[in-house]
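In terms of mature numbering (1 follows the signal peptide of the UniProt record, and there is no 0), the sequence shown is residues -20 to -1, 1 to 632. All C-beta atoms, glycine included, are put in the ideal place defined by N, C-alpha and C. Here's the structure we're looking at; comments come further down.
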Amino acid sequence: MTSTGLSALCLTFLLGPVVCSSGLEFTLAPTDRNVAVTSDSCGVLLCKTSSVSDDKERNITSLSLYKVVSQGTTGSYSSKPGNLSSLAFVSTSQPSFEQFSNGVKVSGSLKSGKASLRVELSKQTDCLAEYTCELHKVDSEGKELITSYRLLQAQDQSNRNELNKDRTASLNARIFSLVLGLDTKLTTNEMYLKDKLSFLEDQTLDLQKQITNKIHKKLALMESSTERLEVKVDTKLNLIESRVSSVESSLETKVARIQNQLTDKIYSLKYRLQNKASTNFKDIEDKLCDLETKLASVDSEYIQQNVLSTVKDQVDEQFTKVKKNTKKADHTLRAAANVLTGLKRDNTKFQANLTKTYRNLVYDVSSGMDEVFLQSENLTTTVENSLRYIRHSLLLSLGRVESTANSSVTKTFTSLQTLEAKLNSAIDDEIESALVDLFMPETCKKNTPVQPKTPSTPYPVIYKSDIVGLNTPFLCDTLTDNGGWIVIQRRSTGDVDFYRDWVTYKKGFGALHTDFWLGLENIHTITNSGQYELRVDLEYQGQSKYAVYGRFSLAGENENYKLTVESYSGTAGDSLSLHNDMEFSTRDRDNDKSDTGSCARRYKGAWWYKFCYNSNLNGLWQVVGVTGPRWKLFTGTNPASFTEMKIRRLED
């Protein structure tokens, strides 16, 4: 859309050359008879661009010459634009013009950025008329500029006031017309901006919906992960509770066993003491009974034996002596009586001594038993105190065991979590290493069998390539169109900043599991090893499209990695062929052909810019407008939501 500038007005009342500041020269010169012109010519009217003009920066589209048609009193003119009579014009569609009509010879030309119109006036009235010259130009921004100059003839003082009034009215009408035109164009621009704003609002709503959907997906994923983590934690807690219960049960069993053993020992000790005391008492009683029995037996036998023996002896003696001496019998009987009395006295004394001895023995036994009982009570008290101390010690031990167990459980749980994380990481690393060692190929070519990818990357990773000079790992797409695609650029998350300098783009940046640029030098090394084709996969507003180029290569750094790309096919439209044979540009290395500054700096990217681009896949992520990652024939002025550039070696 072009815009129209207001007309510039330059007025004069003098005959002779007039040069206005906008670079247009408008003159009416009397006829010089020495100049070869029509015999009845009164003057030459000339309108041309000046040598001091700045038209080099603008394109001239037309130059027109008008005669102001007079109305009413002589010398007056109408201010209405419709009262201008066209005399001549030249334009880009009619660059030259020459004719002779009604006694007026007219000629003109437009070439090499300069324009001119020449009119030979034959009548004196024509030399006294007013004329207007209009110059139409277009600047570098597409805006149309109109410069209008009026040449007024000198009049007498009576007509000058009327001329000034008519001139003012004409200027006002002209300005009013231009203002109306400007208002119309402003209205058109306003409607366009409203449509554009509505479109942007729709885009914003779509973007908000996409962001909301992504947030919901992330939240759902987080909830799922949280639920799985809660299940794992519950499982671990149940296992720990089971182990703690097992430990507590084991401790309770051990404490109960110790208590039972101590109780059995105490009861056994008491039982042995009681049995010993009872045995001692019984032994003493048995001994006393035996002693009493023996004493009674000894006393009876002793008395009987002694008496019988004595009586027998005496009887025998008396029986022998009865015959000899009766008198001696009485003496013997008295002696026997005395002996019996003495024996009786001795027996009483013996019994008294024996009773005393028995009492002393009972006393000694009682004293011994009291000491035994006292020792037993002391032993019982000591055992009870020991039991209380043992119970207190057990309770303290149990408290320490419980505290230690809780601490151990906490440490064990923490250690288990750490161990689980290490095991999971180690398992992932081992699995990835095993997959790399067992299944990862060393080449990426068409019809390569589908290979398993690592958990963290979208495609299998080739670490050791058979391409000479390529020592950088890269992704190999083994699925798309029979596989064999080496991924050289991928953008899906926006995690990596692509507005980088020359050295960074040369070496490459990013990570294979997210967004990355493989590096200009690596891409050159790959394409220098054979003939390659290029595939560009794009996503925009839920649609997926692609572009394939049958030939693709990059020159070396000495040629600033110049691009060669040919033979388009696909569904996304050809937005790369414009950049063919262009050198790579970054924010600090300008290799484009634009005369208005660095395209990389203006559009915040790095690409094979020309003047400036039809595609800019390394632009600012998710930025609407000219600085975003665009593929014009697919995304228009909006950014793509996914880009992937990959190359494949053509079969020999």
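Can you give the beta carbon distance from residue i to residue j, rounded, assuming they're within the 8 Å contact cut?
| i | j | result |
| --- | --- | --- |
| residue 495 | residue 527 | At roughly 20 Å, the Cβ-Cβ gap does not stay under 8 Å, so residue 495 and residue 527 are not in contact. |
| residue 479 | residue 600 | 7 Å |
| residue 516 | residue 531 | Wrong, their Cβ atoms sit about 14 Å apart, outside the cutoff. |
| residue 4 | residue 127 | 6 Å |
| residue 482 | residue 569 | 4 Å |
| residue 45 | residue 67 | 5 Å |
| residue 529 | residue 547 | 6 Å |
| residue 109 | residue 29 | Actually they are not in contact, since the Cβ atoms of residue 109 and residue 29 sit about 23 Å apart, beyond 8 Å. |
In the DSSP assignment, find the unbroken alpha helix (DSSP H) run with residue i in it and report its ends.
| i | result |
| --- | --- |
| residue 483 | 482 to 487 |
| residue 502 | 500 to 507 |
| residue 582 | 579 to 582 |
| residue 523 | Looking at the DSSP string, residue 523 is not in any alpha helix (DSSP H); the run it does join, the beta strand (DSSP E), is 523 to 534. |
| residue 107 | 104 to 107 |
| residue 615 | 612 to 615 |
Let me confirm a value: residue i is counted as buried when at least 16 other C-beta atoms fall within 10 Å, else exposed. Which label applies?
| i | result |
| --- | --- |
| residue 40 | buried |
| residue 435 | exposed |
| residue 136 | Low per-residue confidence applies at residue 136: pLDDT is 47, beneath 50, and the placement is therefore not dependable, though the value from the model is reported in the following sentence. Exposed is the call here. |
| residue 466 | buried |
| residue 572 | buried |
| residue 116 | buried |
| residue 591 | exposed |
| residue 82 | exposed |
| residue 469 | buried |
| residue 457 | buried |
| residue 52 | Because the pLDDT of residue 52 is 47, which lies under 50, any placement of that residue in the model is unreliable, and the number read from its coordinates should be weighed accordingly. Exposed. |
| residue 615 | buried |
| residue 564 | buried |
| residue 609 | buried |
DSSP state of residue i, grouped into three classes?
| i | result |
| --- | --- |
| residue 478 | coil |
| residue 136 | Interpretation of residue 136 is limited by its pLDDT of 47, a score under 50 that renders its predicted location unreliable; the figure taken from the coordinates is listed afterwards. Three-state result, residue 136: coil. |
| residue 517 | strand |
| residue 591 | coil |
| residue 236 | helix |
| residue 37 | Any reading at residue 37 needs caution, since the residue's pLDDT is 44, under 50, leaving its predicted position unreliable; the model's value is listed next. Looking at residue 37 - three-state DSSP - the assignment turns out to be helix. |
| residue 380 | helix |
| residue 604 | coil |
| residue 116 | strand |
| residue 79 | strand |
| residue 1 | With a pLDDT of only 41 at residue 1, under the threshold of 50, the placement of this residue in the model should not be trusted; the figure read from the coordinates follows. Residue state, collapsed to three classes: coil. |
| residue 491 | coil |
| residue 402 | helix |
| residue 443 | coil |
| residue 628 | strand |
| residue 229 | helix |
| residue 49 | coil |
| residue 618 | coil |
| residue -9 | Bear in mind that the predicted position of residue -9 carries a pLDDT of just 37, short of 50, making it unreliable; the figure below should be weighed with that in mind. In this structure, residue -9 counts as strand in the three-state DSSP scheme. |
| residue 95 | strand |
| residue 85 | strand |
How many angstroms separate the CA atom of residue i from the CA atom of residue j?
| i | j | result |
| --- | --- | --- |
| residue 542 | residue 47 | 59 Å |
| residue 631 | residue 428 | 12 Å |
| residue 178 | residue 499 | 40 Å |
| residue 87 | residue 514 | 58 Å |
| residue 189 | residue 183 | 10 Å |
| residue 575 | residue 106 | 48 Å |
| residue 7 | residue 557 | 52 Å |
| residue 534 | residue 477 | 23 Å |
| residue 506 | residue 447 | 7 Å |
| residue 362 | residue 244 | 16 Å |
| residue 441 | residue 453 | 7 Å |
| residue 462 | residue 426 | 6 Å |
| residue 640 | residue 118 | The first residue shown for the chain is -20 and the last is 632, placing residue 640 beyond what the model contains. |
| residue 397 | residue 384 | 19 Å |
| residue 550 | residue 613 | 12 Å |
Can you tell me where the beta strand (DSSP E) holding residue i begins and where it ends?
| i | result |
| --- | --- |
| residue 7 | 4 to 10 |
| residue 597 | Premise fails: residue 597 is in no beta strand (DSSP E) and is neither H nor E. |
| residue 457 | 454 to 457 |
| residue 460 | Run containing residue 460: none; DSSP gives neither H nor E here. |
| residue 23 | 23 to 29 |
| residue 545 | 543 to 550 |
| residue 74 | First-last for residue 74: undefined, no H or E at that position. |
| residue 469 | 465 to 471 |
| residue 128 | 124 to 131 |
Just to check, is the beta-carbon of residue i closer than 7 Å to a non-hydrogen atom of the ligand ATP?
| i | result |
| --- | --- |
| residue 203 | Although the ligand ATP was asked about, the structure shown includes no ligands whatsoever. |
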